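Residue numbers (the working numbering), protein chains in the order written: chain A, 3 to 253; chain B, 1022 to 1332.
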């Protein structure tokens, strides 16, 4: 069955009848399974355009549905619902409602780039996954995913200091996502980590958390990057029409 | 040939953030083998983070800028032709920035604009060559010379060579790979295999050389990462490996962390040890376990190396 007809055979669309006769022909039972007829009228015609306006989504229009991305996908091997080919198809057709069914797993792409490696059309599906995840968040369909929260904590720190001091990033992320720093496996790891660590290394790591290492003369770079990011955010908001208030709401 | 070797004997060194933290043993052992092989590493002055995966996800061109600044300093301020990055993430990002600046005019403009405001010279494509620590040993020393310097060796230690994602993918940012004999393969990389074979390791046939460890979501989607790492650990054990050799601090720490997590959360215990390839190479060159920071790994391979009579 072609991938775009997947929605037709969902359990709620499959009909069997215990006793049904049509034009004198008995169509009862399992041998005469019907698929509910349906009309799609709620296409979002701007969907592909919006997602291709976000970083990573630029080449989505090139896809010819060969399926190499899904076939090579690391996450698909763990969860068959994670299906880049299917989502690219839905986006290109504007089937927003169908796409939203998978909104809570779409962010789980691990960026291994196997899809981008395999893609014969340079769609860069890994980028499309990022663009689609950001689209879901910007449109308010999902809260910021744990991945986006981590990216934000990390990027803020790089912009601020030019460097990453890992324990600060981890503390920031765990705080933001209400995760405990005293989970069993984490304690076990820290125990094994410090068991043989030389004293000077421990001192250095401890000092780094207090002193906060920083790239020298970084402020100008920080400001330039902040400025650029603000410009980009405004452009994205415009492309997704987040900046427009409809006249009705305005009145 | 010797001129070609000379070019790689003194290179700019970009350790990156992870090698100052969780990957410190990789930093230590990389410097130690450089010294043992008479190679010069000059650390990039006042470097910054390459942007890693996270900044790319927020905005790819910011990552291009961050990586370009590192290359600009190494090339314009330190006059180097080659920069070596042992971390797969840094290596990948510098290569990616190089590719973008070669092929995307918009990226060139954004990088120029930010560089001007930040007050340093704009990096231009082609000014410096980025290499990985594996390329470094291959190009500056080569198997033949390396063999002469091996003292003690790895005594048939069974090794699964694990390269990870970012060393080979996507293919377009690595134009020098897949160029026939002598070049690295993106489908079945072999540089680490080659070097460790010379050092006396018994490389096992390992099918997951370039599988993903889930490093991008190691904290944001830990269960996925644990499952991916467990695949790698179990495949290595099934291949008969005693250790997994790594070449990336994110992969290395990910394997160590999720080995513990798999045991604690899923009850799946694996015994294969995780060691940086630079640590193995260092010990094969006669450096002590301490010199290559073996005891600093979370995965404790000390007893195994002792039993094997390595270093």
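Even glycine gets a Cβ: it sits at the ideal position worked out from N, Cα and C. Fair warning: this is a prediction, and the values are worked out from it, not measured in the lab.
Please identify the residue among the options whose C-alpha is closest to the C-alpha of residue i.
i               : options                               : result
residue 1154(B) : 1322(B), 1244(B), 1324(B) and 1049(B) : 1049(B)
residue 1298(B) : 1088(B), 1147(B), 1284(B) and 1211(B) : 1211(B)
residue 1042(B) : 125(A), 178(A) and 171(A)             : 171(A)
residue 1219(B) : 1246(B), 1127(B) and 1162(B)          : 1162(B)
residue 1223(B) : 1103(B), 1231(B), 1178(B) and 1186(B) : 1178(B)
residue 1320(B) : 236(A), 193(A), 229(A) and 204(A)     : 193(A)
residue 97(A)   : 28(A), 49(A) and 59(A)                : 49(A)
residue 1246(B) : 1253(B), 1254(B) and 1236(B)          : 1236(B)
residue 1053(B) : 1307(B), 1313(B), 1201(B) and 1104(B) : 1313(B)
residue 1113(B) : 1152(B), 1273(B), 1063(B) and 1102(B) : 1152(B)
I need the DSSP call for residue i, collapsed to helix, strand or coil.
i               : result
residue 1031(B) : strand
residue 253(A)  : Low per-residue confidence applies at residue 253(A): pLDDT is 39, beneath 50, and the placement is therefore not dependable enough to give any value.
residue 97(A)   : coil
residue 1296(B) : strand
residue 218(A)  : coil
residue 1308(B) : coil
residue 104(A)  : coil
residue 36(A)   : strand
residue 226(A)  : helix
residue 23(A)   : strand
residue 1103(B) : strand
What does the alpha-carbon distance come out to for the pair residue i and residue j?
i               : j               : result
residue 1239(B) : residue 90(A)   : 26 Å
residue 119(A)  : residue 231(A)  : 29 Å
residue 13(A)   : residue 1180(B) : 49 Å
residue 94(A)   : residue 1070(B) : 36 Å
residue 32(A)   : residue 85(A)   : 30 Å
residue 1100(B) : residue 1084(B) : 23 Å
residue 160(A)  : residue 166(A)  : 6 Å
residue 1089(B) : residue 39(A)   : 56 Å
residue 174(A)  : residue 181(A)  : 10 Å
residue 64(A)   : residue 1276(B) : 36 Å
residue 128(A)  : residue 74(A)   : 12 Å
residue 150(A)  : residue 110(A)  : 10 Å
residue 72(A)   : residue 10(A)   : 21 Å
residue 1073(B) : residue 1097(B) : 23 Å
residue 1060(B) : residue 1031(B) : 6 Å
residue 253(A)  : residue 1135(B) : Confidence at residue 253(A) is low in this model, with a pLDDT of 39, below 50, so the placement of that residue should be treated as unreliable; the coordinate-derived value is given next. The alpha-carbon atoms of residue 253(A) and residue 1135(B) are separated by roughly 42 Å.
residue 237(A)  : residue 139(A)  : 16 Å
residue 2(A)    : residue 1106(B) : No answer is possible for residue 2(A): the residues shown for chain A start at 3 and end at 253.
According to the Cβ coordinates, are residue i and residue j closer than 8 Å?
i               : j               : result
residue 1293(B) : residue 1268(B) : no
residue 42(A)   : residue 15(A)   : no
residue 21(A)   : residue 34(A)   : no
residue 1214(B) : residue 1206(B) : no
residue 1228(B) : residue 1256(B) : yes
residue 156(A)  : residue 1142(B) : no
residue 1296(B) : residue 1250(B) : no
residue 1065(B) : residue 1091(B) : yes
residue 70(A)   : residue 145(A)  : no
residue 1329(B) : residue 1176(B) : yes
residue 1122(B) : residue 1144(B) : yes
residue 1185(B) : residue 1225(B) : no
Can you check the segment 1127-1200 of chain B for any alpha helix (DSSP H) of at least 4 residues that lies completely inside it and give the ranges in chain order? 1154-1161 and 1163-1170
Minimum length 4: unbroken alpha helix (DSSP H) runs contained in the segment 1198-1223 of chain B: Here the runs fully enclosed are 1212-1219.
Which ranges does the alpha helix (DSSP H) cover as unbroken runs of at least 4 residues, wholly within the segment 101-182 of chain A, from first to last along the chain? Here the runs fully enclosed are 116-120, 127-140, 148-163 and 168-178.
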